[in-house]
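Quick note on the working numbering: the sequence shown kicks off at 645 and runs consecutively.
Let me begin by presenting the structure, written as structure tokens, before commenting on it.
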Amino acid sequence: MPLGFRSRSAKPARKPSGYGVPAGQRIYAIGDIHGRDDLLRELLGRIEADIRAAPGLTNTLVLLGDYVDRGFGASRVIDMLLDPPAWASRFVPLKGNHEEMLLAFLAEPGFGADWRHFGGLETLASYGVGVRDVQLGRNYDKAAQDLAGSMPQAHIALLQSLKLSCVIGDFFFCHAGVRPGLALDEQSPTDLMWIRDEFLLSERDHGRYVVHGHTPVEEPDVRVNRMNIDTGAYATGRLTCAVLESHDVRFLITGTG
């Protein structure tokens with residue numbers, strides 16, 4: 645499987661049975677963007693067309709984090725987050741582990757030793773910062789200083805303000821997942837942004853249906869207790885939006901009809 649994509653060892657449910665969105669509302673939840681502003685722009689256009697085809701509802705846009713790194717358009721993605729579409733009555737951009745790493749690098753440049761292996765070079769380049777020294781594992785202090793000077797303060801403020809999760813109806817939205825057995829309001833920031841196997845392999849009822857990204861899959865992975873919509877957009881060109889309305893779910897995916 646390319647890119648470390650997770651295969652599905654169990655047959656997924658067709659829809660999150662028994663879970664629903666409040667009447668009169670529709671939720672558009674978008675998975676990991678990773679610097680692909682081109683795909684985000686395309687997907688927002690498809691969402692707008694979807695709304696025109698079925699108007700009359702209150703529309704919420706939720707982004708599941710990982711706006712930066714890997715792709716080369718991180719700065720443009722953040723620009724788009726600062727100017728959400730007019731059709732979104734509510735806009736909820738959540739924080740992913742890659743936003744956490746970027747902020748950690750600005751605060752403590754030594755984190756660059758790890759961040760450069762997670763797509764940080766592309767983010768530096770998107771803000772016009774030279775990457776040669778960081779590529780060679782040196783001069784992190786200067787790169788962090790240059791990045792802080794190149795990033796608009798509005799970008800930094802937005803990244804610092806991102807929430808870790810949100811609840812709408814029966815759905816719980818976060819970047820990576822939750823720790824099974826722990827109440828949703830007691831989840832740690834680390835788990836919400838970083839957890840993998842303990843969450844992915846669990847079939848426990850988490851109290852609400854979890855919509856997440858973080859671990860790339862070849863296609864949206866709908867299970868009895870969770871839904872993964874990270875389809876590896878930065879490499880595949882497939883950015884996924886889950887459309888949640890009443891008790892149904894459907895998907896809008898770039899690169900598909």
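All C-beta atoms in this analysis are idealised placements derived from N, C-alpha and C, irrespective of residue type, glycine included.
Alpha-carbon to alpha-carbon, residue j and residue i
| i | j | result |
| --- | --- | --- |
| A769 | L803 | 18 Å |
| V855 | F815 | 7 Å |
| A792 | L750 | 7 Å |
| T900 | G774 | 36 Å |
| P737 | L687 | 15 Å |
| S653 | A798 | With a pLDDT of only 37 at S653, under the threshold of 50, the placement of this residue in the model should not be trusted; the figure read from the coordinates follows. Taking the straight line joining both Cα atoms gives about 43 Å. |
| L896 | L708 | 15 Å |
| A697 | I691 | 10 Å |
| R882 | I873 | 10 Å |
| C885 | A757 | 33 Å |
| A657 | N783 | With a pLDDT of 43 at A657, under the threshold of 50, the modelled position of that residue is not reliable, and the figure given next carries that caveat. Looking at the two C-alpha atoms, the distance is approximately 49 Å. |
| P833 | G700 | 36 Å |
| K655 | Y663 | Unreliable positioning characterises K655 in this predicted model, as indicated by a pLDDT of 40, which lies under 50. A coordinate reading is not provided. |
| I812 | D777 | 45 Å |
| A748 | N869 | 32 Å |
| P660 | R734 | 23 Å |
| Q669 | I695 | 12 Å |
| F649 | R840 | The predicted model places F649 with a pLDDT of 49, which falls under 50 and marks its position as unreliable; any figure quoted below should be read in that light. So the alpha carbons of these two residues sit roughly 13 Å apart. |
| G764 | L780 | 13 Å |
Cβ separation of residue i and residue j, assumed to be a contact under 8 Å, to the nearest whole Å
| i | j | result |
| --- | --- | --- |
| T859 | L683 | With 8 Å as the limit, T859 and L683 do not qualify as a contact, their Cβ atoms being about 19 Å apart. |
| P622 | D713 | The structure shown has nothing for residue 622, since the chain only spans 645 to 901. |
| M837 | N741 | 4 Å |
| T875 | V861 | 6 Å |
Proximity of residue i and residue j at Cβ, strictly below 8 Å
| i | j | result |
| --- | --- | --- |
| M795 | Y771 | yes |
| H850 | D710 | no |
| Q665 | S809 | Looking at the sequence itself, residue 665 is Val, so the reference to Gln does not match. Going by C-beta atoms, V665 is not nearer than 8 Å to S809. |
| V822 | V866 | no |
| R848 | P824 | yes |
| A732 | L888 | no |
| V706 | F843 | no |
| R680 | Y878 | yes |
| E743 | L806 | yes |
| H678 | G715 | yes |
| G675 | G857 | yes |
| E766 | A730 | no |
Extent of the continuous alpha helix (DSSP H) to which residue i belongs
| i | result |
| --- | --- |
| Q831 | It is not in any alpha helix (DSSP H) - Q831 carries neither H nor E in the DSSP assignment. |
| N741 | 741 to 751 |
| R734 | Taken as a continuous stretch (DSSP letters only), R734 belongs to no alpha helix (DSSP H), being part of the beta strand (DSSP E) at 734 to 737. |
| C798 | Note that residue 798 corresponds to Ala in the displayed sequence, not to Cys. A798 -> alpha helix (DSSP H) spans 797 to 805. |
| V721 | 718 to 725 |
| L888 | Not the alpha helix (DSSP H): L888 falls in the beta strand (DSSP E), residues 884 to 889. |
| R714 | That residue, R714, is in no alpha helix (DSSP H); it is neither H nor E in DSSP. |
| Y784 | 784 to 794 |
Residue i - containing beta strand (DSSP E), residue span
| i | result |
| --- | --- |
| S809 | 809 to 812 |
| A908 | With the chain covering only 645 through 901, there is no way to say anything about residue 908. |
| R894 | 892 to 897 |
| A820 | Per DSSP, A820 belongs to no beta strand (DSSP E) and is neither H nor E. |
| L617 | Only positions 645 to 901 of the chain appear in this structure, which leaves residue 617 out of reach. |
Chain B within 8 Å of residue i, Cβ atoms only
| i | result |
| --- | --- |
| F762 | Considering every chain present, this structure includes no chain B. It has just one protein chain. |
Next item on the list: Return the chain-ordered ranges of every beta strand (DSSP E) run that is complete within the stretch 841 to 880 and spans a minimum of 3 residues.
Entry: Segments of the beta strand (DSSP E) lying fully in the stretch 841 to 880: 853 to 856, 870 to 872.
Next item on the list: Can you check the stretch 757 to 781 for any alpha helix (DSSP H) of at least 4 residues that lies completely inside it and give the ranges in chain order?
Entry: Listed in chain order, the alpha helix (DSSP H) runs fully inside the stretch 757 to 781 are 764 to 770, 776 to 779, counting runs of at least 4 residues.
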